[in-house]
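Take a look at the structure set out below.
Chains as they are written, first to last, in my numbering: chain A, 1 to 205; chain B, 206 to 422.
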């Protein structure tokens with residue numbers, strides 16, 4: 001049993017103990033510690049506390065003053081706010097778009113896409129793996145949107161995702177793998193495309 | 206708490222609006238308030254979710270104050286606020302253990318967490334035992350007159366015994382049955398110690414109580 005599973009199980013057993021034995025009797029303590037020997041110490045400790053509560057049941061209830069109630073109200077409002085934020089994060093994660101998803105829904109892979117629009121696969125790889133820093137050349141963006149049948153917003157989401165989850169370069173024995181970023185122009189110029197295609201993508205024509 | 210009413214179905218938002226309008230949230234069982242809050246959700250109508258969360262939050266505070274005594278650090282407020290924070294956050298996490306627990310048995314879940322906090326304090330704090338100066342005794346130093354007063358003094362003494370197992374041994378021992386070997390055996394078995402230890406604990410506690418009560422009368 002992992003620590004987490006054990007803690008969960010312990011909570012379940014103690015919760016049931018609190019529900020079934022408001023004022024634990026001698027026999028109940030013996031029964032429960034025998035049924036759950038692995039939590040016997042916790043059961044005994046909780047039984048002691050519950051008996052203390054029962055003995056003091058009739059003492060006058062302490063009033064919670066306004067200051068403490070205000071602090072409690074503020075925690076309640078924070079809980080609402082935190083739950084909203086968590087919900088938004090979840091929605092955002094669900095609507096996250098990646099280049100891989102766009103490629104897959106267009107039924108293409110990087111090689112096919114590169115061939116279709118006649119751009120170097122190495123350029124697409126820089127873009128999709130988060131190594132190419134924006135801005136991305138308008139001509140390439142337009143060609144990609146056409147082929148991927150994607151909106152500009154989807155493209156921007158995918159670009160942002162790639163930027164925040166870049167692929168590392170290859171590990172070398174001499175150093176740690178690093179992310180080497182380049183601009184759009186650098187990526188085009190170092191590509192193995194023909195000079196004409198490079199000029200085209202750089203809009204030098 | 207057991208006189209509280211059944212509330213509307215958790216997803217009957219219009220009915221909950223009416224309850225809020227009638228200022229009747231206080232009459233409804235805690236577990237149903239939690240179920241309704243989880244159904245409405247954090248993005249639900251603020252005129253519904255805010256009053257629900259406030260009622261749940263205030264009710265938690267009262268239950269925690271009742272069960273976490275002033276004999277803890279900062280009169281128990283640190284523990285109360287810590288548990289309150291943990292639980293109020295869990296209300297809007299319907300799949301969390303506490304979120305489910307409060308929806309099932311509201312008071313029992315809060316008592317479980319209050320007891321957890323007290324147990325942590327017992328295990329980690331040297332300050333569990335309070336000095337006599339800080340002790341608040343009913344009736345000051347007057348002679349003991351009634352059974353109630355004597356019981357109150359016994360409780361004060363028990364609060365000052367640092368080992369909670371000794372207190373439990375004593376309470377079980379006081380449970381109406383005269384002390385005999387079977388009884389001691391049972392107490393020992395409940396506490397997971399030898400009969401000899403159980404008997405020593407009971408005797409020590411009795412002596413301590415007798416000394417203090419004797420000194421006061």
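Yeah, the Cβ is synthetic: ideal placement off N, Cα and C, and Gly gets one too.
Here the structure is a predicted model, which means the values were calculated and not measured.
Closer than 7 Å to chain B by CB, residue i
i                      : result
residue 88 of chain A  : no
residue 64 of chain A  : yes
residue 204 of chain A : no
residue 197 of chain A : no
residue 160 of chain A : no
residue 29 of chain A  : yes
residue 67 of chain A  : no
residue 26 of chain A  : yes
7 Å Cβ cutoff, residue i in contact with chain A
i                      : result
residue 345 of chain B : Note that residue 345 of chain B scores 39 on pLDDT, short of 50, meaning its location in the model is unreliable; the coordinates nonetheless yield the value given after this. No, residue 345 of chain B does not count as interfacial toward chain A.
residue 262 of chain B : yes
residue 391 of chain B : yes
residue 258 of chain B : yes
residue 213 of chain B : no
residue 267 of chain B : yes
residue 349 of chain B : A caution first: residue 349 of chain B carries a pLDDT of 46, below 50, which makes its placement in the model unreliable, though a value can still be read off. Output row for residue 349 of chain B: interface = no.
residue 404 of chain B : no
residue 225 of chain B : no
residue 360 of chain B : yes
residue 242 of chain B : no
Under 7 Å from the C-beta of residue i: neighbouring residues of chain A
i                      : result
residue 279 of chain B : Within chain A, no residue comes near residue 279 of chain B; the closest Cβ sits about 12 Å away, beyond 7 Å.
residue 247 of chain B : 80, 83, 84, 87
residue 296 of chain B : 79
Coarse secondary structure for residue i, derived from DSSP in three states
i                      : result
residue 254 of chain B : helix
residue 339 of chain B : Caution is warranted here: a pLDDT of 40 is assigned to residue 339 of chain B, below 50, making its placement in the model unreliable, and no coordinate value can be reported.
residue 210 of chain B : strand
residue 182 of chain A : strand
residue 193 of chain A : coil
residue 284 of chain B : helix
residue 132 of chain A : strand
residue 218 of chain B : helix
residue 366 of chain B : coil
residue 233 of chain B : strand
residue 122 of chain A : helix
residue 239 of chain B : helix
Inter-residue spacing [alpha-carbon to alpha-carbon] between residue i and residue j
i                      : j                      : result
residue 143 of chain A : residue 181 of chain A : 23 Å
residue 401 of chain B : residue 90 of chain A  : 58 Å
residue 398 of chain B : residue 26 of chain A  : 14 Å
residue 371 of chain B : residue 24 of chain A  : 16 Å
residue 379 of chain B : residue 33 of chain A  : 21 Å
residue 262 of chain B : residue 84 of chain A  : 18 Å
residue 323 of chain B : residue 255 of chain B : 30 Å
residue 286 of chain B : residue 303 of chain B : 16 Å
residue 15 of chain A  : residue 234 of chain B : 18 Å
residue 418 of chain B : residue 355 of chain B : 8 Å
residue 258 of chain B : residue 77 of chain A  : 8 Å
residue 373 of chain B : residue 361 of chain B : 14 Å
residue 246 of chain B : residue 213 of chain B : 16 Å
residue 403 of chain B : residue 252 of chain B : 56 Å
residue 226 of chain B : residue 211 of chain B : 17 Å
residue 111 of chain A : residue 117 of chain A : 10 Å
residue 73 of chain A  : residue 104 of chain A : 49 Å
residue 305 of chain B : residue 299 of chain B : 6 Å
residue 196 of chain A : residue 134 of chain A : 23 Å
residue 148 of chain A : residue 186 of chain A : 24 Å
residue 312 of chain B : residue 238 of chain B : 12 Å
residue 413 of chain B : residue 62 of chain A  : 28 Å
residue 141 of chain A : residue 107 of chain A : 18 Å
Proximal residues to residue i (C-beta, below 8 Å), its chain only, five neighbours per side dropped
i                      : result
residue 153 of chain A : none
residue 54 of chain A  : 22, 23
residue 139 of chain A : 200, 201, 203
residue 50 of chain A  : 18, 21, 22, 23, 24
Contacts of residue i in chain B (Cβ-Cβ under 7 Å)
i                     : result
residue 39 of chain A : Result: empty, since nearest Cβ-Cβ is about 12 Å, beyond 7 Å.
residue 11 of chain A : 302
residue 19 of chain A : 310, 313
residue 14 of chain A : 317
residue 5 of chain A  : Correct list: empty, because the minimum Cβ distance to chain B is about 12 Å.
residue 73 of chain A : 259, 262
Listed by chain order, chain B residues near residue i by CB distance under 9 Å
i                     : result
residue 50 of chain A : 316, 320
residue 61 of chain A : 267, 270, 271
Residues near residue i in its chain [Cβ-Cβ closer than 6 Å; skip 5 each side]
i                      : result
residue 423 of chain B : As shown, chain B starts at 206 and ends at 422. That puts residue 423 of chain B outside it, with no answer to give.
residue 191 of chain A : 120, 122, 123
residue 98 of chain A  : 158, 161
residue 29 of chain A  : 47
Cutoff 7 Å; reference residue i; Cβ partners in own chain excluding five residues on either side
i                      : result
residue 274 of chain B : 281
residue 209 of chain B : 232, 233, 234
residue 42 of chain A  : 10, 14
residue 184 of chain A : 132, 135, 136, 137
Below-7 Å beta-carbon distance, residue i vs any chain D residue
i                      : result
residue 372 of chain B : The chain inventory of the structure shown lacks chain D, comprising the protein chains A and B.
Contact set between residue i and chain B, taken where Cβ atoms lie within less than 8 Å
i                    : result
residue 8 of chain A : 302
Residue i: contacting residues in chain A (beta-carbon distance under 9 Å)
i                      : result
residue 254 of chain B : 80
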